[in-house]
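Trainee: Have a look at this one.
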Amino acid sequence: MATRISLETEKKRRSGAGRRPQRPEEPKPRRVRIRRAGEQDLPQVIDIDRRVTGLAKPEFWADIFARYQRRRLTERFFLVAEPEDGGNILGFAVGEVRAWEFGSEPCGWLFAISVDPKARQQHVGEQLFEALSDGFRKAGVSTMRTMVSRDSPQTMAFFRGEGMMAGRYFQLEKSLD
Amino acid sequence: MKLQVSSRLAIFAVLELAGAPDRQLSVAEIGEKYSGSSHHLAKVMNILGRTGLVESVRGVGGGYQFVGNARRVTLLDIVELFEDVASTRSPQPEPGDRTAAGAALLSVLTEIDDNIRATLGSITIATMLKLMERMEVPKARKKAAAHHRE
Numbered sequence: 005m006a007t008r009i010s011l012e013t014e015k016k017r018r019s020g021a022g023r024r025p026q027r028p029e030e031p032k033p034r035r036v037r038i039r040r041a042g043e044q045d046l047p048q049v050i051d052i053d054r055r056v057t058g059l060a061k062p063e064f065w066a067d068i069f070a071r072y073q074r075r076r077l078t079e080r081f082f083l084v085a086e087p088e089d090g091g092n093i094l095g096f097a098v099g100e101v102r103a104w105e106f107g108s109e110p111c112g113w114l115f116a117i118s119v120d121p122k123a124r125q126q127h128v129g130e131q132l133f134e135a136l137s138d139g140f141r142k143a144g145v146s147t148m149r150t151m152v153s154r155d156s157p158q159t160m161a162f163f164r165g166e167g168m169m170a171g172r173y174f175q176l177e178k179s180l181d
Numbered sequence: 008m009k010l011q012v013s014s015r016l017a018i019f020a021v022l023e024l025a026g027a028p029d030r031q032l033s034v035a036e037i038g039e040k041y042s043g044s045s046h047h048l049a050k051v052m053n054i055l056g057r058t059g060l061v062e063s064v065r066g067v068g069g070g071y072q073f074v075g076n077a078r079r080v081t082l083l084d085i086v087e088l089f090e091d092v093a094s095t096r097s098p099q100p101e102p103g104d105r106t107a108a109g110a111a112l113l114s115v116l117t118e119i120d121d122n123i124r125a126t127l128g129s130i131t132i133a134t135m136l137k138l139m140e141r142m143e144v145p146k147a148r149k150k151a152a153a154h155h156r157e
């Protein structure tokens with residue numbers, strides 16, 4: 005039986021022999037209100053995204069905001085999570101219903117979801133995800149899709165925890181260099 | 008993809024213990040549910056214990072308890088304790104490796120391996136427990152429907 009056990013782990017185990025096992029505490033949900041993003045939220049969206057991705061994209065988010073506030077409002081969702089007792093937004097989620105691209109029947113696409121690193125482990129992401137899912141259901145679609153980089157295991161784990169599994173489509177790419 | 012028996016027993020044991028965090032379960036209890044040999048399972052539990060995922064509790068009614076973080080431990084973490092996961096590259100060169108066909112085949116198999124590792128590495132014990140719940144609900148509904156028909 006091939007095994008890889010670190011010496012550090014083995015030492016820890018020996019020093020703790022006979023202790024009652026201690027489990028990490030389950031994080032407590034934070035109560036938030038989910039609503040559509042307003043113009044006043046844009047700077048905070050840009051800031052959260054910059055802190056999470058390391059890249060500031062003010063034009064990108066201004067463009068998304070302008071498009072999502074104008075047409076197809078029953079199928080486009082730019083949602084933010086704000087604390088019930090007020091204050092800066094804690095996260096946001098963006099998605100829309102798209103149809104017939106890649107031969108797919110109408111489905112909801114989640115393009116972005118991000119939570120302020122200081123507000124993580126409080127189920128804010130889950131509440132945003134559920135609100136977006138509700139929006140898609142009301143728009144009449146029964147499937148939700150997204151794309152995740154293989155280099156983002158935490159993001160992948162989040163979506164898997166929300167019940168997402170690998171779908172019927174492959175994402176293929178080719179370098180044009 | 009097929010997992011070795013040890014990996015399967017380890018995953019089942021961790022799920023069983025993490026699903027009932029306030030209970031202690033013995034090797035015999037876990038082995039009975041998953042049709043695993045007690046001898047084999049005892050070795051598996053020993054390895055899980057040495058990596059800090061489970062701890063044995065001594066005394067009357069003792070057994071094992073899950074002490075890891077179900078939201079962080081992934082299937083890959085467990086399987087890698089017992090086998091090399093999706094490792095296309097063998098330590099020795101294989102026939103045809105140095106040909107164009109060998110290189111092309113390696114790129115395809117590497118793509119498959121990367122997907123396997125990414126999938127196993129993205130599924131936590133907490134996610135598996137939620138998946139198990141979803142599998143249980145349709146069974147419960149079928150049972151209720153059958154009972155109603157009677």
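Line by line, the protein sequences are chains S and R. Read left to right, the first sequence gives residues 5 to 181 (my numbering). Read left to right, the second sequence gives residues 8 to 157 (my numbering). The beta carbon of each residue, even a glycine, is placed where N, CA and C say it ideally should be.
1) From Q131 (chain S) to I38 (chain S), what distance separates their C-alpha atoms?
2) Grouping DSSP H, G and I as helix and E and B as strand, with all else coil, what is R18 (chain S)?
3) With a threshold of 6 Å on Cβ separation, who are the neighbours of S10 (chain S) within its own chain once the five nearest residues in sequence on each side are excluded?
4) Which whole-angstrom value is the C-beta distance of G43 (chain R) and L16 (chain R), which I expect to be below 8 Å?
5) Could you tell me whether the stretch 91–103 of chain S touches the stretch 112–132 of chain S, where touching means 3 or more Cβ pairs closer than 8 Å?
6) With the cut-off set at 8 Å, would you say Q72 (chain R) and V86 (chain R) are in Cβ contact?
7) Would you decide whether Q158 (chain S) is buried or exposed? Buried here means 16 or more other CB atoms lie within 10 Å of its CB.
8) The beta strand (DSSP E) spanning S179 (chain S) covers which residue range?
9) Quick check on R154 (chain S) - is its C-beta less than 8 Å from some C-beta in chain R?
10) Determine whether the beta carbon atoms of V88 (chain S) and V36 (chain S) lie at a separation below 8 Å.
11) Tell whether a beta-carbon distance below 8 Å holds between I52 (chain S) and A60 (chain S).
12) Should K9 (chain R) be flagged as near chain S, meaning a C-beta pair shorter than 8 Å?
13) Since I believe Q11 (chain R) is in contact with G69 (chain R) (beta carbons under 8 Å), could you give me their beta-carbon distance rounded to a whole number of angstroms?
14) Does R164 (chain S) have its Cβ less than 8 Å from a Cβ in chain R?
15) How would you label S179 (chain S), buried or exposed, when you count the other beta carbons within 10 angstroms and need 16 or more for buried?
16) Return the residue from the list S:A161, S:R71, S:D120 that minimises the CA-CA distance to A125 (chain R).
17) By alpha-carbon positions, which one of S:K142, S:A143, S:R172 ends up nearest to T183 (chain S)?
18) Count the other C-beta atoms from every protein chain shown that fall within 10 angstroms of the C-beta of T57 (chain S), then say buried if there are 16 or more, exposed otherwise.
19) Measure the C-alpha to C-alpha separation of R124 (chain S) and E86 (chain S) and round it to an integer number of angstroms.
20) Just to confirm, are E79 (chain S) and A143 (chain S) a CB contact at a threshold of 8 Å?
21) So A170 (chain S) is in the beta strand (DSSP E); what residue range does that whole segment cover?
22) Within its chain, find whatever has a CB closer than 7 Å to the CB of A35 (chain R); leave out the 5 residues flanking it on each side and keep chain order.
23) So, with DSSP's three-state summary, where would you put I38 (chain S)?
24) Can you check whether the C-beta of D104 (chain R) is within less than 8 Å of a C-beta belonging to chain S?
25) Measure from the C-beta of M148 (chain S) to each C-beta in chain R and report whether the shortest distance is under 8 Å.
26) Would L83 (chain R) and L127 (chain R) qualify as a contact pair, given that the criterion is a beta-carbon distance under 8 Å?
27) Nearest-angstrom Cα distance between G66 (chain R) and G38 (chain R)?
28) Here's the rule: buried if 16 or more other CB atoms are within 10 angstroms of the residue's CB, otherwise exposed. What is D45 (chain S)?
29) Can you give the beta carbon distance from L136 (chain R) to G26 (chain R), rounded, assuming they're within the 8 Å contact cut?
30) Within the 8 Å Cβ cut-off, does P157 (chain S) reach chain B?
31) Contact check, G90 (chain S) vs V128 (chain S) under 8 Å by CB: the rounded distance?
32) Less than 8 Å between CB atoms is the rule here; does A125 (chain R) satisfy it with respect to chain S?
Mentor: Considering the structure as presented:
1) Within the first sequence, numbered from 1, the residue matching residue 131 (chain S) stands at position 127. Within the first sequence, numbered from 1, the residue matching residue 38 (chain S) stands at position 34. The straight-line gap from Cα to Cα measures roughly 8 Å.
2) Counting from 1 along the first sequence, the entry for residue 18 (chain S) is found at position 14. For R18 (chain S), the pLDDT reaches just 46, beneath the cut-off of 50, and the residue's location in the model is therefore unreliable, leaving the point undetermined.
3) In the first sequence, residue 10 (chain S) corresponds to position 6, counting from 1. Confidence in S10 (chain S) is poor, its pLDDT being 47 and thus under 50, which makes the residue's placement too unreliable to answer from.
4) For the purposes of this step, residue 43 (chain R) is taken as residue 36 along the second sequence, with counting starting at 1. For the purposes of this step, residue 16 (chain R) is taken as residue 9 along the second sequence, with counting starting at 1. Right, their Cβ atoms sit about 5 Å apart.
5) yes
6) Against the second sequence, residue 72 (chain R) aligns to sequence position 65. Against the second sequence, residue 86 (chain R) aligns to sequence position 79. For Q72 (chain R) and V86 (chain R), no; Cβs fall outside 8 Å.
7) The residue you call residue 158 (chain S) lines up with position 154 of the first sequence. The residue in question, Q158 (chain S), is exposed, as its Cβ has fewer than 16 Cβ neighbours within 10 Å.
8) Position 175 of the first sequence holds residue 179 (chain S). Run containing S179 (chain S): none; DSSP gives neither H nor E here.
9) Residue 154 (chain S) sits at position 150 when you count from the first residue of the first sequence. It does: the Cβ of R154 (chain S) has a partner Cβ on chain R nearer than 8 Å.
10) For this step, residue 88 (chain S) is matched to residue 84 along the first sequence. For this step, residue 36 (chain S) is matched to residue 32 along the first sequence. Note that residue 88 (chain S) corresponds to Glu in the displayed sequence, not to Val. Closer than 8 Å, so yes.
11) Residue 52 (chain S) sits at position 48 when you count from the first residue of the first sequence. Residue 60 (chain S) sits at position 56 when you count from the first residue of the first sequence. Not closer than 8 Å, so no.
12) In the second sequence, residue 9 (chain R) corresponds to position 2, counting from 1. No, no contact with chain S.
13) What you label residue 69 (chain R) is simply residue 62 of the second sequence in a count that begins at 1. What you label residue 11 (chain R) is simply residue 4 of the second sequence in a count that begins at 1. G69 (chain R) to Q11 (chain R), Cβ: 28 Å. No contact.
14) To locate residue 164 (chain S), count along the first sequence from 1; it is residue 160. By this cut-off, R164 (chain S) is an interface position.
15) Counted from its first residue, the first sequence places residue 179 (chain S) at position 175. By the neighbour-count rule (16 or more Cβ atoms within 10 Å), S179 (chain S) is not buried but exposed.
16) Taking the second sequence and counting its residues from 1, one reaches residue 125 (chain R) at position 118. The shortest C-alpha separation from A125 (chain R) is found at S:A161.
17) Limits of chain S in this structure are 5 at one end and 181 at the other, which puts residue 183 (chain S) out of reach.
18) Here the question's residue 57 (chain S) lines up with position 53 in the first sequence. Classification for T57 (chain S): exposed.
19) The count along the first sequence starts at 1 and reaches residue 124 (chain S) at position 120. The count along the first sequence starts at 1 and reaches residue 86 (chain S) at position 82. Rounded to whole angstroms, R124 (chain S) to E86 (chain S) spans 13 Å at the Cα level.
20) On the first sequence, residue 79 (chain S) is found 75 positions in, with the first residue counted as 1. On the first sequence, residue 143 (chain S) is found 139 positions in, with the first residue counted as 1. Their beta carbons are under 8 Å apart, which means E79 (chain S) touches A143 (chain S) by this criterion.
21) Translated into the one-based positions of the first sequence, residue 170 (chain S) becomes position 166. Where A170 (chain S) is concerned, there is no enclosing beta strand (DSSP E), given that its DSSP letter is neither H nor E.
22) Stepping through the second sequence from its first residue, residue 35 (chain R) is reached at position 28. These residues qualify, in order along the chain: S45.
23) Taking the first residue of the first sequence as 1, we reach residue 38 (chain S) at position 34. Three-state result, I38 (chain S): strand.
24) Stepping through the second sequence from its first residue, residue 104 (chain R) is reached at position 97. No - not a single Cβ of chain S is within 8 Å of the one on D104 (chain R).
25) Here residue 148 (chain S) refers to the residue found at position 144 of the first sequence. No, M148 (chain S) lies away from the interface with chain R (no Cβ there is under 8 Å from its Cβ).
26) Looking up residue 83 (chain R) in the second sequence gives position 76. Looking up residue 127 (chain R) in the second sequence gives position 120. Cβ atoms of L83 (chain R) and L127 (chain R): closer than 8 Å.
27) The count along the second sequence starts at 1 and reaches residue 66 (chain R) at position 59. The count along the second sequence starts at 1 and reaches residue 38 (chain R) at position 31. Using only the alpha carbons, I get a separation of about 20 Å.
28) Within the first sequence, residue 45 (chain S) is the residue found at index 41, counting from 1. The residue in question, D45 (chain S), is buried, as its Cβ has 16 or more Cβ neighbours within 10 Å.
29) Position 129 of the second sequence holds residue 136 (chain R). Position 19 of the second sequence holds residue 26 (chain R). Indeed, because the Cβ distance is near 5 Å, the residues count as touching under 8 Å.
30) Protein chains in the displayed structure are S and R, and chain B is not among them.
31) Position 86 of the first sequence, counted from the first residue, corresponds to residue 90 (chain S). Position 124 of the first sequence, counted from the first residue, corresponds to residue 128 (chain S). The Cβ separation is near 15 Å, so there is no contact.
32) The count along the second sequence starts at 1 and reaches residue 125 (chain R) at position 118. Judged by the 8 Å Cβ criterion, A125 (chain R) is in contact with chain S.
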